[in-house]
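Take a look at the structure below.
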């Protein structure tokens, strides 16, 4: 089942169950997908699950930043709302790679691309994206690649 279909099915289920908070969270996700559709019309015309996963990861990043600012600003109720949205969004992401597998993949990519330093980070990240695809969390991978290449 495609990710888009799963999200729409979950939206219908939440609406039938009267879960207004979940409905609002999923509608936020569908709005982002519609934005991707509009942007894709001008380019390729097709939005893939990989594109949706990338958008979901960016949504998590922005909500994490918002939750942190709300906590610092003394608004824990708003931070909890953001964290609830993060949990809903994460339910649509593929399981994260464990750190050991990611580090092994990084070592292999460094060896494959013959990366010598930070200037070769782009080559290593491209190799990781090719190998792991949508399962790769670019932010996490980037930090580990920097650490590996700096050592």
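In the numbering used here, the protein residues as written are 105 to 255.
Here a beta-carbon is modelled for each residue, glycine too, at the ideal position from N, C-alpha and C.
Residue i - containing alpha helix (DSSP H), residue span
| i | result |
| --- | --- |
| residue 169 | 153-176 |
| residue 140 | 124-146 |
| residue 223 | No alpha helix (DSSP H) holds residue 223; DSSP gives it neither H nor E. |
| residue 209 | 203-217 |
| residue 113 | 107-121 |
| residue 251 | 242-254 |
Exposure of residue i, with buried meaning 16 or more beta-carbon neighbours within 10 Å
| i | result |
| --- | --- |
| residue 129 | buried |
| residue 191 | exposed |
| residue 135 | exposed |
| residue 167 | buried |
| residue 219 | buried |
| residue 142 | exposed |
| residue 209 | buried |
| residue 251 | exposed |
Simplified DSSP state of residue i, which is helix, strand or coil
| i | result |
| --- | --- |
| residue 189 | helix |
| residue 197 | coil |
| residue 149 | coil |
| residue 235 | helix |
Contact with chain D by residue i, beta-carbon distance below 8 angstroms
| i | result |
| --- | --- |
| residue 232 | Protein chains in the displayed structure number just one, and chain D is not present. |
Assumed close pair residue i, residue j - CB separation to whole angstroms, cut-off 8 angstroms
| i | j | result |
| --- | --- | --- |
| residue 257 | residue 238 | Nothing can be reported for residue 257: it is not among the residues displayed for the chain, which extend from 105 to 255. |
Sequence-distant residues of its chain with Cβ nearer than 8 angstroms to residue i (five each side left out)
| i | result |
| --- | --- |
| residue 125 | 188 |
| residue 221 | 253 |
Residues near residue i in its chain [Cβ-Cβ closer than 6 angstroms; skip 5 each side]
| i | result |
| --- | --- |
| residue 164 | 190, 193 |
| residue 171 | 183, 186, 187 |
| residue 115 | 130 |
| residue 174 | 182, 183 |
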